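> I have a structure I would like to understand better, so I am pasting it below and will then ask my questions one at a time.
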Amino acid sequence: MRNFVSFFTALALYSTATLAAETQDVPIMQEQAKQAGVNHTYAGPWEYFVGGGVATFDCNGDRRPDIALAGGTNPAQLFVNKSSTGGALKFEFKSLNLTEKELKKVTGVYPLDINNDGFKDLIFLRVGENLLLKGGPDCSFTKANEEFAFDGGKAWSVAFAATHEEGAEFPTLAIGNYVDRDAPGSPWGTCHDNFLYRPNPGTTINYSNRLALTPGYCALSMIFTDWNKSGTPALRISNDRQYYRGGEEQMWKMEKTPKLYTRADGWQKLTIWGMGIAEADINGDGLPEYALTSMGDTKIQMLDRDADGAPAYLDIAWERGATAHRPYMGGDLKPSTGWHSEFADFNNDGILDLFIAKGNVAEMKDFTANDPDNMLLGQFDGKFKEAGKKAGIGLNTRGRGAAIVDLNMDGMLDLIVVNREVPVSLFANLGGDAPNSPRPMGNWVQIELQQDGPNKNAIGATISIKSGNNNRVRKVGVGGGHASGSLGFIHVGLGVAERANIRVKWPDDSWSAPYRVFANQFVVIKKNDNIPKYWFPQ
5 MRNFVSFFTA
15 LALYSTATLA
25 AETQDVPIMQ
35 EQAKQAGVNH
45 TYAGPWEYFV
55 GGGVATFDCN
65 GDRRPDIALA
75 GGTNPAQLFV
85 NKSSTGGALK
95 FEFKSLNLTE
105 KELKKVTGVY
115 PLDINNDGFK
125 DLIFLRVGEN
135 LLLKGGPDCS
145 FTKANEEFAF
155 DGGKAWSVAF
165 AATHEEGAEF
175 PTLAIGNYVD
185 RDAPGSPWGT
195 CHDNFLYRPN
205 PGTTINYSNR
215 LALTPGYCAL
225 SMIFTDWNKS
235 GTPALRISND
245 RQYYRGGEEQ
255 MWKMEKTPKL
265 YTRADGWQKL
275 TIWGMGIAEA
285 DINGDGLPEY
295 ALTSMGDTKI
305 QMLDRDADGA
315 PAYLDIAWER
325 GATAHRPYMG
335 GDLKPSTGWH
345 SEFADFNNDG
355 ILDLFIAKGN
365 VAEMKDFTAN
375 DPDNMLLGQF
385 DGKFKEAGKK
395 AGIGLNTRGR
405 GAAIVDLNMD
415 GMLDLIVVNR
425 EVPVSLFANL
435 GGDAPNSPRP
445 MGNWVQIELQ
455 QDGPNKNAIG
465 ATISIKSGNN
475 NRVRKVGVGG
485 GHASGSLGFI
495 HVGLGVAERA
505 NIRVKWPDDS
515 WSAPYRVFAN
525 QFVVIKKNDN
535 IPKYWFPQ
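The following block contains the structure:
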């Protein structure tokens with residue numbers, strides 16, 4: 005049941021709220037998968053060395069994030085959130101209305117309201133036919149490939165992103181494909197083209213217009229990104245150089261016929277073992293920075309302001325202390341292997357942190373075998389500091405996809421990591437490690453956007469959150485990471501701030517009025533409403 009109160013009612017309640025002090029304490033993360041009822045393993049031979057995704061989204065209208073997990077040669081599974089507010093994590097398995105064959109060979113999972121009916125749908129990326137699953141009441145799903153005129157193909161798909169293009173009733177879907185298994189000489193030098201699905205005009209969903217994005221360089225992650233604040237996002241793709249000589253990172257202009265950014269546009273060649281991509285505005289200038297994972301070091305790219313508007317980037321990972329090129333535990337000096345990357349504020353100090361899922365591809369002897377996931381906490385000087393061991397996430401597993409989300413609605417971000425060949429990890433955030441307080445971390449606000457008509461979840465919107473002299477920016481999007489996506493409340497740490505001013509740049513480029521809200525609240529903002537509403541989890 006959705007429980008709303010008005011802004012003015014919440015004002016009266018605010019005087020009793022408990023405020024935490026601003027710290028840069030390490031959040032203590034407790035692994036609870038088994039006791040939470042989530043028993044799931046992503047497994048399989050070489051075609052499943054990549055992938056291993058998780059989707060978090062609300063499938064039954066209670067606003068608590070539910071979990072869908074890719075299984076590889078095991079069946080994909082759905083777990084419905086039954087966690088009490090602020091309590092231990094608890095989930096219940098929910099059967100999906102698919103055949104055993106359709107549930108298997110799933111590499112990635114993403115949520116999206118494709119048909120604008122208010123129910124979240126699911127995209128299953130697979131080794132073989134990709135599936136669009138139409139969501140319905142009470143976490144029900146039905147295969148909708150035929151209904152949506154969607155050709156799922158037979159490629160080896162691992163990456164996904166979605167955007168709502170101007171004037172379109174339904175979202176544009178981008179699917180990234182890996183090695184072309186049918187090509188002579190596979191896997192070497194045989195990357196598959198990627199596909200762009202633009203909906204045909206009209207009020208009926210029709211994705212029969214499939215466009216090949218050629219060349220493909222073995223995509224492992226992709227994201228729609230408004231890299232220059234033009235209002236029209238480009239499609240950025242991170243590629244694995246292992247399988248294509250001359251391959252590189254790519255970015256496509258989303259014109260009527262998409263075109264690659266080239267050297268003539270100022271695009272600089274970058275060749276990495278590209279596995280995961282994440283974007284965030286880490287310096288508050290309104291422009292996105294990118295975290296690119298690879299085998300070896302992680303890249304953090306910032307737009308070169310001296311490049312006269314060209315898409316040219318500086319790598320700032322070394323100066324920010326975020327290369328994460330070797331494991332921080334175990335003493336092995338061999339290079340790490342990074343997969344899912346995601347920016348989030350684990351300790352609510354108002355500074356974005358960076359999580360990286362780590363794990364050897366299989367048994368590659370030139371890379372470390374014990375490769376714990378990274379929790380790089382953002383510092384006040386702009387640098388990052390490793391805290392994975394102290395936080396408790398430094399396990400000897402092989403991480404792949406992940407999601408960072410508040411699972412028990414207590415204002416602190418929890419963590420789900422899909423591991424290869426061993427069960428998924430589910431970490432509950434118990435708060436910081438400062439003395440004399442069980443939860444000494446900073447304040448927060450979580451924001452949900454709504455609008456009528458198409459694109460009900462405002463994919464592509466920009467949220468500006470100002471508290472004191474600090475301005476924080478968040479984008480609403482589906483894509484990035486590695487084979488994983490989330491859709492729901494946008495979490496923002498506020499540090500010591502007790503109030504925040506929120507403005508929304510909606511996908512049509514219109515700006516909302518400023519909304520003044522209190523800290524430690526779930527805020528629901530609907531386009532054209534004069535005041536926001538607060539939602540209190542029961």
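Counting in our numbering, the sequence shown runs from 5 upward without gaps. Just so you know, even glycine gets a beta-carbon here, dropped at the ideal spot from N, CA and C. Just so we're clear, the structure is a prediction, and the values are computed from it rather than from any experiment.
Short check: CB of LEU200 to CB of LEU224, under 7 Å?
Not in contact: LEU200 and LEU224 (Cβ atoms no closer than 7 Å).
> Let's test the definition: count the other Cβ atoms within 10 Å of the Cβ of SER514 and tell me whether it reaches 16, buried, or not, exposed.
It is exposed - the Cβ of SER514 has fewer than 16 other Cβ atoms within 10 Å.
> Please tell me whether LEU129 and ALA148 are closer than 7 Å, where the distance is taken between their beta carbons.
No, the Cβ-Cβ distance between LEU129 and ALA148 is not below 7 Å.
> Tell me which residue opens and which closes the alpha helix (DSSP H) that GLY392 is part of.
Note, GLY392: alpha helix (DSSP H), 392 to 395.
> Using a Cβ distance threshold of 8 Å, determine whether the stretch 114 to 134 contacts the stretch 497 to 507, with at least three qualifying pairs required.
At 8 Å Cβ cutoff, the stretches do not touch.
> Can you name, in chain order, every residue of its own chain whose Cβ lies under 6 Å from the Cβ of LYS530, other than the five neighbours on each side?
The answer, listed in chain order, is GLN454.
> Taking 7 Å as the cut-off, decide whether the C-beta atoms of ILE451 and ILE494 are in contact.
Their beta carbons are under 7 Å apart, which means ILE451 touches ILE494 by this criterion.
> Taking PHE53 as the reference, give the member of MET255, MET279, GLU346 with the closest Cα.
Per the Cα distances, MET279.
> Got a sec, what are the start and stop residues for the alpha helix (DSSP H) TRP343 sits in?
Not the alpha helix (DSSP H): TRP343 falls in the beta strand (DSSP E), residues 342 to 348.
> How many whole angstroms separate the CB atoms of ARG404 and HIS329, which I take to be in contact at a CB cut-off of 8 Å?
Rounded, the Cβ-Cβ distance is 19 Å, inconsistent with contact.
> Under the rule that 16 or more other beta-carbon atoms within 10 Å means buried, what is ALA178, buried or exposed?
That one is buried.
> Could you check whether the stretch 468 to 480 touches the stretch 393 to 400, counting it as contact only if at least three pairs of C-beta atoms, one from each stretch, sit closer than 8 Å?
With the cut-off at 8 Å, the stretch 468 to 480 and the stretch 393 to 400 do not touch.
> With a 10 Å radius around its C-beta and 16 neighbouring C-beta atoms as the bar for buried, classify TRP277 as buried or exposed.
It is buried - the Cβ of TRP277 has at least 16 other Cβ atoms within 10 Å.
> Does DSSP put GLU35 in a helix, in a strand, or in coil?
Strand, per DSSP.
> Any idea what DSSP makes of GLU323, helix, strand or coil?
The answer is helix: DSSP assigns GLU323 an H, G or I state.
> Does the distance between the C-beta of ARG68 and the nearest non-hydrogen atom of the ligand GDP fall short of 6 Å?
As far as ligands go, the structure on display features none, and thus does not contain the ligand GDP.
> Would you call the stretch 112 to 120 and the stretch 91 to 98 in contact, with 3 or more CB pairs under 8 Å?
The stretch 112 to 120 is not in contact with the stretch 91 to 98.
> Please classify TRP3: does DSSP put it in a helix, a strand, or coil?
Lying outside 5 to 542, the shown extent of the chain, residue 3 is not represented and no answer is given.
> Pull up the distance between the alpha-carbon of ASP269 and that of GLN246, whole angstroms please.
Whole-angstrom Cα-Cα distance: 26 Å.
> May I ask you to report which of helix, strand or coil DSSP gives ALA328?
Correct three-state label for ALA328: coil.
> Using only alpha-carbon positions, find the residue among LEU107, VAL84, GLY457 that is nearest to HIS168.
Cα-wise, what sits closest to HIS168 is GLY457.
> Within the same chain, show all residues whose beta-carbon is closer than 8 Å to that of TYR332, passing over the 5 residues directly before and after it, in chain order.
Correct list, in chain order: PRO376, ASN378, GLU390, GLY392, LYS393, GLY398.
> Over the uninterrupted beta strand (DSSP E) stretch that includes LEU107, give me the two end residues.
From DSSP, LEU107 is part of no beta strand (DSSP E) but of the alpha helix (DSSP H) over 104 to 107.
> Helix, strand or coil: which one does DSSP assign to THR27?
Below a pLDDT of 50, predicted positions are generally treated as unreliable, and THR27, at 43, falls in that range; the measurement from the model is reported next regardless. If DSSP states are grouped into helix, strand and coil, THR27 belongs with coil.
> Is it true that the CB of GLY483 sits closer than 7 Å to the CB of ALA165?
Result yes, Cβ atoms of ALA165 and GLY483 sit closer than 7 Å.
> Tell me which same chain residues have a C-beta within less than 7 Å of the C-beta of LEU411, skipping the five on either side of it?
PRO69, ASN85, SER87, LEU93, ASP418.
> Over the uninterrupted beta strand (DSSP E) stretch that includes THR302, give me the two end residues.
Run containing THR302: none; DSSP gives neither H nor E here.
> Give the DSSP-derived three-state secondary structure of ARG245 in the structure shown.
Of the three classes helix, strand and coil, the one that applies to ARG245 here is helix, per DSSP.
> In angstroms, rounded to a whole number, what distance separates the CA positions of PRO205 and VAL428?
Using only the alpha carbons, I get a separation of about 41 Å.
> Could you tell me which uninterrupted beta strand (DSSP E) segments, each at least 3 residues in length, are contained entirely in the stretch 173 to 238, listed from first to last along the chain?
List check, beta strand (DSSP E) in window: 176 to 181, 198 to 201, 214 to 217, 223 to 229.
> For GLY300, which residues in the same chain have their Cβ closer than 6 Å to its Cβ, ignoring the five residues on either side in sequence?
Correct list, in chain order: HIS329, PRO339.
> What three-state label does DSSP hand TYR52 in the structure shown?
Correct three-state label for TYR52: helix.
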